[in-house]
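Number of protein chains: 2
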Amino acid sequence: MEELVGLREGSSGSPVSLRELWGPCPRVRRGIRGGLEWLKQKLFRVGEDWYFLMTLGVLMALISYTMNFAIGRVVRAHKWLYREIGDSHLLRYLSWTVYPVALVSFSSGFSQSITPFSGGSGIPELKTILSGVVLEDYLDIKNFGAKVAGLTCTLAAGSTVFLGKVGPFVHLSVMIAAYLGRVHTKAIGESENKSKQNEMLVAAAAVGVATVFAAPFSGILFSIEVMSSHFSVWDYWRGFFAATCGAFMFRLLAVFNSEQETITSLYKTSFRVDVPFDLPEIFFFVALGAICGILSCAYLFCQRTFLGFVKTNRVISKLLATSKPLYSALAALVLASITYPPGVGHFLASRLSMKEHLDSLFDNHSWALMTRNSSPPWPEELDPQNLWFEWYHPRFTIFGTLAFFLVMKFWMLILATTIPIPAGYFMPIFIFGAAIGRLIGEALALAFPEGIVAGGVTNPIMPGGYALAGAAAFSGAVTHTISTALLAFELTGQIVHALPVLMAVLAANAIAQSCQPSFYDGTIIVKKLPYLPWIRGRKISSQRVIVGHFMNCTMTTLAKDTPLEEVARVVTSTDLAKYFLVESTESQILVGTVGRAHLVQALQAEPPSWAPGHRHLRDLLAGGCPMEPVTLQLSPETSLHQAHNLFELLNLQSLPVTSLGRAVGSVSWVELKKAISDLTNPPAPK
Amino acid sequence: MEELVGLREGSSGSPVSLRELWGPCPRVRRGIRGGLEWLKQKLFRVGEDWYFLMTLGVLMALISYTMNFAIGRVVRAHKWLYREIGDSHLLRYLSWTVYPVALVSFSSGFSQSITPFSGGSGIPELKTILSGVVLEDYLDIKNFGAKVAGLTCTLAAGSTVFLGKVGPFVHLSVMIAAYLGRVHTKAIGESENKSKQNEMLVAAAAVGVATVFAAPFSGILFSIEVMSSHFSVWDYWRGFFAATCGAFMFRLLAVFNSEQETITSLYKTSFRVDVPFDLPEIFFFVALGAICGILSCAYLFCQRTFLGFVKTNRVISKLLATSKPLYSALAALVLASITYPPGVGHFLASRLSMKEHLDSLFDNHSWALMTRNSSPPWPEELDPQNLWFEWYHPRFTIFGTLAFFLVMKFWMLILATTIPIPAGYFMPIFIFGAAIGRLIGEALALAFPEGIVAGGVTNPIMPGGYALAGAAAFSGAVTHTISTALLAFELTGQIVHALPVLMAVLAANAIAQSCQPSFYDGTIIVKKLPYLPWIRGRKISSQRVIVGHFMNCTMTTLAKDTPLEEVARVVTSTDLAKYFLVESTESQILVGTVGRAHLVQALQAEPPSWAPGHRHLRDLLAGGCPMEPVTLQLSPETSLHQAHNLFELLNLQSLPVTSLGRAVGSVSWVELKKAISDLTNPPAPK
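The listed protein sequences derive, respectively, from chains A and B. Numbered continuously in this note's numbering, the first sequence closes out at residue 752. Numbered continuously in this note's numbering, the second sequence closes out at residue 752.
(1) Taking SER701(A) as the reference, give the member of ASN717(A), VAL723(A) and GLY727(A) with the closest Cα.
(2) Please classify ASN134(A) as buried or exposed, where buried requires at least 16 neighbouring CB atoms within 10 angstroms.
(3) Taking ARG317(B) as the query, report the chain A residues whose CB atoms sit under 9 Å from its CB, ordered along the chain.
(4) Pull out every residue of the segment 272-291 of chain B whose Cβ sits closer than 9 Å to any Cβ of chain A, in chain order.
(5) Give the single residue among SER720(A), LEU718(A), HIS707(A) and ILE561(A) whose Cα lies nearest to the Cα of LEU716(B).
(6) When DSSP builds the beta bridges, which residues end up paired with HIS155(B)?
(7) If distances are taken between C-alpha atoms only, which option among PHE514(B), LEU479(B) and THR524(B) comes closest to VAL341(B)?
(8) For VAL410(B), which residues of its own chain have a beta-carbon under 6 Å away from its beta-carbon, when the five flanking residues on both sides are left out?
(9) Drop a sphere of 10 angstroms on the beta-carbon of ALA269(A), count the other beta-carbons inside from all chains shown, and report buried for 16 or more, exposed for fewer.
(10) When you compare the CB of GLU75(A) with every CB in chain B, is at least one pair closer than 8 Å?
(11) If you measure from the beta carbon of ALA313(A) to each beta carbon in chain B, is any gap under 8 Å?
(12) Pick helix, strand or coil for THR251(B), following the three-state DSSP scheme.
(13) Which first and last residues belong to the beta strand (DSSP E) in which HIS296(B) is found?
(14) With 16 other CB atoms within 10 Å as the buried threshold, where does TYR491(B) fall?
(15) Confirm, please, whether the CB-CB distance from ILE487(B) to SER173(B) is below 8 Å.
(16) What in chain B is Cβ-close to ARG728(A), meaning under 8 Å?
(17) Compile a chain-ordered list of the residues in the segment 292-307 of chain A whose CB is closer than 9 Å to at least one CB of chain B.
(18) Please identify the residue among LEU568(B), GLN582(B), THR697(B) and VAL657(B) whose C-alpha is closest to the C-alpha of LEU354(B).
(19) Give me, in chain order, the residues of the same chain whose beta-carbon lies closer than 8 Å to that of VAL376(A); leave out the 5 immediate sequence neighbours on both sides.
(20) Please identify the residue among GLY224(B), LYS193(B) and HIS237(B) whose C-alpha is closest to the C-alpha of ILE207(B).
(21) Assign LYS644(A) to one of three DSSP states: helix, strand, or coil.
(22) Between which two residues does the alpha helix (DSSP H) containing ALA625(A) stretch?
(23) Bridge partners for HIS682(A) per DSSP, in chain order?
(24) If you draw a straight line from the alpha carbon of ARG96(B) to that of MET478(A), how long is it in whole angstroms?
(25) At 9 Å on the CB atoms, spell out the chain B contacts of ASN711(A), in chain order.
(26) Tell me where the alpha helix (DSSP H) around GLY374(B) begins and ends.
(27) Go through its chain and collect everything with a Cβ distance to SER732(A)'s Cβ below 8 Å, but skip five positions before and after it.
(28) Rounded to the nearest angstrom, what separates ILE518(B) and ILE527(B) at their Cα positions?
(29) Could you give the uninterrupted runs of the beta strand (DSSP E) lying entirely in the segment 376-412 of chain A, keeping only those of 3 residues or more?
(30) So with CB distances below 7 Å, who are the chain B contacts of HIS707(A)?
(31) If you draw a straight line from the C-alpha of TRP735(A) to the C-alpha of GLY198(B), how long is it?
(32) In the DSSP output, which residue or residues are listed as bridge partners for ASN525(B)?
(33) May I have a chain-ordered list of the beta strand (DSSP E) segments no shorter than 3 residues that lie completely inside the segment 448-526 of chain A?
(34) Between SER225(B) and SER416(B), is the Cβ-Cβ spacing less than 8 Å?
(35) List the DSSP bridge partners of THR724(B).
(36) Applying the 10 Å Cβ sphere with the 16-neighbour rule, what's the burial state of LYS752(A)?
As C-alpha cells, this is what we get:
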C-alpha cells in the first residue's frame, strides 16, 4: 500500500520522491519480495543443521590450510638455516637437531601446561565419548588453542620426529562442533539434546579426516570404522556433506594460493593405465598384504608393550610426571641425531619431508632397474625432480636403504608415540607401509626384470603400485579398517589398482584383527579408558546366552517407603550416579531412577529435627526431588546379542532388568564385558 | 610308533618295506602332520561364515559372467539376422521387432507362470524383508530359475527395452544366501537364527551389486544406502569381503576368456589427467547436479503416477491380470518400433547396446567441437571405433539427437518399468543421467570453445566428465543414494573428477530427497508393502514426543485367569499373530506373549465337555501351550526417536509398553507411522 501511495503522489505533479524513483513497479516488486520471502522460508526449512555442517567443514579447512601454510614457512626456514650455516659438522649437527628439539619440547610444555588432554591423537578418547561415556572437559574449547599450537610445532619438526596430523584434527573438529553446538543451544535457549549432539560429533570426526587428506569418501568411512560399531545412513549422509564441504574448501585454498592449477588430489601419481599390473601379480599383492598384516601385529604388540613399560618404569614415569618437556626433548634429540643426514640419516632418506616420502615411494619407475647399470651420485642438495636419489646408496643399493629405513623407523615410531605432544600416528604408519610395499615391489621388479609376460605383451612391474598397496594394507591392519584402500585411491587420484589393493587390505586385516587389538583399542586398554568389547566369532552358541545369566542381581534399589536415615546411609556408603526407585520394599516394582546429586541436595534441605523412622523417601519426592522415568528395560530373557546391540546403538551405560515389573537386576558395561569375555574363555565349572 | 617300528625293521636287514621308502624321517613327518593339523584347526576357527561369503561371491560371479556370455551370443545372433536379412524394409522391421517382442513375452510368461514374485527388480521387497517383515516364499529357491531365465531374456532384448540387471542380481544373490543358509542350518542341525540370517542377507545384497559392476566399494555402500537405515561395521566388513570375492572372480573370468588383458574396470575411460577440469567448471557441475535433481523429481513423480494408473485403469489391469505376456509383447512392440534404426531410432542411437551407450557418452572428446566444421556420415554399419557417430545427425546435430533421446527415453523408460518381467531399473537411469550430462557438457564445450582459461593454460572442456557427473547425480537422485559417485569412479577406473562429481551428486540428492520418495520407496508405496518411514527434519520439538502420546492403548491382552470360553471368543474375533499375556485381569502385569496358532491348537485339544467358567487360560499354559518371554519393553516415557531407532535396529514389528509392570499399551509400525506423519502434519486440534 505504501508504494501505491508514493506512486499516486508522483503522478499528481508533486516533486518526484526518492521512493518513487526506486519503486516504479509495485507489482513486480511485491512479486520479487514474495519470491525472496518464499526462498528464505524454503532455505530456513532445510534446517540449520546443514548450515552448521557447512560452517564446520569450511572452518576446519581454513584451519588445516593455515596450519599447513605456517608449517611450510617454518620448515623452509629450517632448511635455509641448515644450508647456510657452513660446512662445520658441529654447527650443521646443531642446526639440524636443536630446531626439532626446541619445537617438540615447546609443543609438549605449552600444550601440557594448558591442559593434559591435548596430548596424543585424541581418537581413543573420542571413541570412548561417542560410545556414551562422559569424559569431563575433553571437548572443552580451551583445549583448542593448546592443541593447535602444539600440533603446529610438532608438524614443523618435520620428518625428524615423523608424526602426522589426522588424529588431532579429528579431535579439533569434534571440539569445534561441540562448542558451536553449545553456543547454538544457548542462543536459541533450548535444552541440550544428547542424541542430536552425537550425530554432530560423528559428522565432525569425518570432517577432521577429510580436511587433512581432501578425501571425503574415505574420511567418512574411516571415521565410522574407527569410531563406532553401528551407524545410521542419516549420519553417514550428514558426515559426507560436511566432509565434502571441508575437502572442497581445503583444495580451493590451494588453488587460490596458486599452489595448484585446479582441484586435484594430494599425492598425485602417474601409474601406467592400460595394463597397470598383470594377473599373476595379484598373488604377490595378497602376499604383501599378509606380510603387512604380520608386521602390523608385531608393531602393535611392541607399541603396546613399550607404552606399558613407559607407564610402569619408575624412572621414566617419574620423568614424565614431573617434566614432560625434558622427556620430549630427550626423545626428540635421539630421533634428530639418528636422522642427521651426513650420518645415519643418509640411509634413512631423512632429508625428505613426509609428503616427499610418499611422493617418492609412489614413483612409477623401478629404482632397482634404473640403478642396475648406472649409479646416481648422492646429491649434495635435495633434487626435487629426482626425489628417489635420496633412497639410493652406492654400496647398499636401494634395498639396503629401504630395509634399514624399515628397521630403524619401527622403533623410532614407537618411541615417537610415547612423546606427550599433540600428534597423529596415522601418516607415519601409512608411509611405513608404503616403504614395505616399495621394498617388495622393487625386489619383484628385479626378480622379473622383463616384467610378467601376459597376453603376448611384456609389462615391467611397477613397484609404486606395491607401495600403494603396502601403505593401505599396513595402515588398515594397524587401525583395523578397510577404508584405507579407498583413501589410497583418493589420495593419489588413481584407482587403477582397485582390486589388488583391496585384496591386500583384506588379507592384512584378516591377520591383524585375529591377533591384536587395533592401535586405538590398544591405547584405550593401556590408558584404562572404559570400553565395550565386540562380540567376536559370533558362534551360534553365543546366541543362547541371556541377560538372566550375567546380570548384576545385587543392585541397590531405593523403595518409596525407605526411611530417610536408610536413604542417607545408602547415599553415603555407595557412589552410584543414580539409584533405581521401586514402589515399595516388598513389591520391588520399578518406578524410575533418582539422581544421587538430587538426593543429597534434598536430604540436606530437610529440617534436621525429623524424628527417625517418621519420614520416608516418598516425602522427599513429594517435596520436589526430581524422579526420572525409565525409558527402556530389559527382561532376564533378552539375549546377550540383543543387549549388546542396544548398548552400542543407544550409547547406554546401564539398563535395569525387570521381571513381571519387579526390578530383578541391572546390566552395565561391566557385566556385558564379563559375559563377552566368558564367551571366548568359558569360566571353569565350579 | 608305527614309523619307528618300520624303521627298525628296515635297518635290521629285512626287505625294505614301501612304508619305509615313503617315511624315512618320522620326526619331520610328525612335525609336518602336526603343523597341518594346527593349520586346519586355525582355518576352521576362522568360522564357516567367511567360507560361506566367499562361496556366495564366487557363485554369483559365475552366474553373472555366464549370463553375460549367453546374452552376448543371443545379441550377436540378432545383429547378424538384422544385417543379413536383406534390404526389404518390412523384413528388416520384422527382424528388428519380433526378436525383442518374443523374448520379452517369453520372459514374462515363463517367469510369471512359475512364480509371481520374479517380476521387477526385487529391491523394494528385499528392503521390506530386511526391515523385519516376513514375505512368505519371496526368498524361495524355486524363484531362482524363473528369475535367471527371465532376466536373461530381458537383457537379450538389448537396448530396445533398455533395462538392466542390478536389482534382479541383488534378489538372486539374497535368494542363494537364504538357500545356502537353510541348507547349512539343516546340515548341522541347529535352529535357525534370525539375526545371523539377516547379516548374511545384507552381505548378499552387496555381492549382487558387486558382481554386476565389479565394484566392491560402491556395491556395499549402495546396498546399505538402499536397504537399511542402520548398519553395523561388522556387516559392512562381511559384505565387503564377499563383494571383493565376487568382483574379483567376475573380472578374472573375463581375463580367462581373453576378453581383457588384465583385471580392469568395466567402462574404462581415458579422461585427461593433468588438468581434468578448471575451477570455474565446479559451478557448472553443481548446476548439472541441480538439473538432474529436478529431472529426477519429475521422473519419480511420473513413474509413480503411471504405475498407479496401470494398477487402477480397468482395461490395463484386466489385461495384466489375465494375460501378462500379451501386455509385455504390446509394450515391447511399441518400444521396438520406436527404436527401429532406419526410423525414429536413427535419432535415438538405438543401434548401440547399453554398454556402448555408456562407452560413447563417456568419450573424452567433444563431439560438438569435432562436428563444427565437418559432418561425419551416418554409417550403414555400427563403427566400433567411432561409436559416437550414432549420436550425430547432419540436420539436427548432436544436440537435437541427445535432447530427443532424453525426451523419448523418459516415457519409454516409464513404460518399460510397467512390464511384468524380471529386470533392473538402475542401469537405464544411469545412462539417462549420462545423456543429460553429455548434453550440458557439449553445450558448454560449444559455448567456451577455447576452454576455460585458468593459470595461463587453456584447457578444452571435456563433456565426458559432465556425462560421468550426470550419470552419478541422476541415478543418485532417483535412488536417494550418494554412493553412485563412487560407483562412477569404480566403473570407469578414473577418479580425477572426484570433487565435482561428489558435489553434483549432493546437489541432486538435496533436491530429490526433499521433494519425492526414492524409486524403491515409491514402488513400496504403490505396491502397498509395509514400511517404516524416516523421521525427517529432526526438529528439536520432535524429541519431546513420547510413546505415551501415540501408543495403542486398546490392545487385547489375555490374563491367566481368563475363562477358556472368553479366550476362544478373543481368538476367533481377532486375527493378531500373538497376544500379550498378563498375570491377572486385575493386576495386568505383563508376563509374556502367546502365539495365536498355539492357542488355537491347545483349545482344540481341550476335551469338549468342560463346564463353562471352570477352566482358565492358566490350565492351557500348564497343559503345554508354549509361552514366549518378552525380551524388551518400552515405557510411556520413551521418546519417539528412541522407539523408532529400536524398531529400525532390531527389525521389530511391535513392542509392549509397560508402566510399573502393568501392560498399558503397545506400539507397532502403524502407531509409529502415524506419529511420524503427525510430526510433519500436526493433527488439527479437536
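Cβ atoms here follow ideal geometry from the backbone N, Cα and C, with glycine treated the same way. Note that the structure is a prediction, hence the values are computed from the model and not measured.
Put simply:
(1) Taking the first sequence and counting its residues from 1, the one referred to as residue 701(A) is at position 635. Here the closest residue by C-alpha is VAL723(A).
(2) Here residue 134(A) is taken as the residue at index 68 of the first sequence, counted from 1. That one is buried.
(3) In the second sequence, the residue the question calls residue 317(B) occupies position 251. The answer, in chain order, is LEU565.
(4) Taking 9 Å as the Cβ-Cβ cut-off, the segment 272-291 of chain B approaches chain A at ALA280, ALA281, PRO282, PHE283, LEU287, ILE290 and GLU291, given in chain order.
(5) Sequence index remark: in the second sequence, residue 716(B) carries index 650 (1-based). Closest in C-alpha terms to LEU716(B), from the list SER720(A), LEU718(A), HIS707(A) and ILE561(A), comes HIS707(A).
(6) Taking the second sequence and counting its residues from 1, one reaches residue 155(B) at position 89. Under DSSP, no beta-bridge partner is assigned to HIS155(B).
(7) Here residue 341(B) is taken as the residue at index 275 of the second sequence, counted from 1. Comparing Cα-Cα distances from VAL341(B) to each of PHE514(B), LEU479(B) and THR524(B), the minimum goes to THR524(B).
(8) On the second sequence, residue 410(B) is found 344 positions in, with the first residue counted as 1. So the list reads ILE404, once near-sequence residues are dropped.
(9) One-based indexing of the first sequence puts residue 269(A) at position 203. Around the C-beta of ALA269(A), 16 or more other C-beta atoms lie within 10 Å, and the residue is accordingly described as buried.
(10) Against the first sequence, residue 75(A) aligns to sequence position 9. Residue placement at GLU75(A) is poorly supported in this model, since its pLDDT is 43, which falls under 50; the coordinates still yield a value, given next. With 8 Å as the cut-off, GLU75(A) does not count as an interface residue toward chain B.
(11) By 1-based counting over the first sequence, the position of residue 313(A) is 247. Answer yes: the Cβ-Cβ gap between ALA313(A) and chain B drops below 8 Å somewhere.
(12) Taking the second sequence and counting its residues from 1, one reaches residue 251(B) at position 185. Helix at THR251(B).
(13) As a position in the second sequence, residue 296(B) is number 230, starting the count at 1. Residues 296-298.
(14) Your numbering for residue 491(B) matches position 425 in the second sequence. The Cβ neighbour count for TYR491(B), taken over all protein chains shown within 10 Å, is at least 16; the residue is labelled buried.
(15) Against the second sequence, residue 173(B) aligns to sequence position 107. Against the second sequence, residue 487(B) aligns to sequence position 421. Against a cut-off of 8 Å, the Cβ pair of ILE487(B) and SER173(B) comes out as a contact.
(16) One-based indexing of the first sequence puts residue 728(A) at position 662. Under the 8 Å cutoff, chain B gives GLY727.
(17) Within the segment 292-307 of chain A, the qualifying residues are SER294, SER295, HIS296, PHE297, SER298, VAL299, TRP300, TYR302, TRP303, PHE306 and PHE307.
(18) For the purposes of this step, residue 354(B) is taken as the residue at position 288 of the second sequence. The shortest C-alpha to C-alpha distance from LEU354(B) to any of LEU568(B), GLN582(B), THR697(B) and VAL657(B) is the one to LEU568(B).
(19) Residue mapping note: residue 376(A) aligns to position 310 of the first sequence, counting from 1. Counting only Cβ-Cβ distances below 8 Å, and skipping sequence neighbours, we find ILE382, SER383, LEU386 and THR484.
(20) In the second sequence, counting from the first residue as 1, residue 207(B) sits at position 141. For ILE207(B), the closest C-alpha among the options GLY224(B), LYS193(B) and HIS237(B) is that of HIS237(B).
(21) As a first step, residue 644(A) is located in the first sequence; it is residue number 578 there, counting from the start. DSSP places LYS644(A) in strand when its eight states are reduced to three.
(22) In the first sequence, residue 625(A) corresponds to position 559, counting from 1. Not the alpha helix (DSSP H): ALA625(A) falls in the beta strand (DSSP E), residues 623-625.
(23) Counted from its first residue, the first sequence places residue 682(A) at position 616. Beta-bridge pairing links HIS682(A) to PRO629(A).
(24) Stepping through the second sequence from its first residue, residue 96(B) is reached at position 30. Stepping through the first sequence from its first residue, residue 478(A) is reached at position 412. Rounded to whole angstroms, ARG96(B) to MET478(A) spans 42 Å at the Cα level.
(25) Within the first sequence, numbered from 1, the residue matching residue 711(A) stands at position 645. In chain order, SER261, SER298, LEU715 and LEU716 make up the part of chain B whose C-beta sits under 9 Å from the C-beta of ASN711(A).
(26) By one-based count along the second sequence, residue 374(B) stands at place 308. 347-378 is the extent of the alpha helix (DSSP H) around GLY374(B).
(27) The residue you call residue 732(A) lines up with position 666 of the first sequence. Cβ contact annotation for SER732(A) (same chain, cutoff 8 Å, sequence separation greater than five): MET617, ASN618, MET621, PHE646, SER720, LEU721, PRO722 and VAL723, in chain order.
(28) For the purposes of this step, residue 518(B) is identified with residue 452 of the second sequence, where counting begins at 1. For the purposes of this step, residue 527(B) is identified with residue 461 of the second sequence, where counting begins at 1. In this structure, the alpha-carbon of ILE518(B) lies about 7 Å from that of ILE527(B).
(29) As far as the segment 376-412 of chain A is concerned, it has no whole beta strand (DSSP E) run of at least 3 residues.
(30) Position 641 of the first sequence holds residue 707(A). Taking a Cβ-Cβ cut-off of 7 Å, the neighbours of HIS707(A) in chain B comprise SER261, given in sequence order.
(31) Taking the first sequence and counting its residues from 1, one reaches residue 735(A) at position 669. Taking the second sequence and counting its residues from 1, one reaches residue 198(B) at position 132. Their backbone Cα atoms lie some 28 Å apart in a straight line.
(32) Start at 1 with the first residue of the second sequence, and residue 525(B) comes out as number 459. Paired residues: ILE518(B).
(33) The qualifying runs are 518-520 and 523-525.
(34) The residue labelled residue 225(B) in the question sits at position 159 within the second sequence. The residue labelled residue 416(B) in the question sits at position 350 within the second sequence. Contact annotation: SER225(B) and SER416(B) have beta-carbon atoms nearer than 8 Å.
(35) As a first step, residue 724(B) is located in the second sequence; it is residue number 658 there, counting from the start. The partner list for THR724(B) (beta bridge, DSSP) reads ALA729(B).
(36) Counting from one through the first sequence, the residue named residue 752(A) turns up at place 686. Reliability of the predicted coordinates at LYS752(A) is poor, the pLDDT of 46 falling under 50, and no value is obtained from them.
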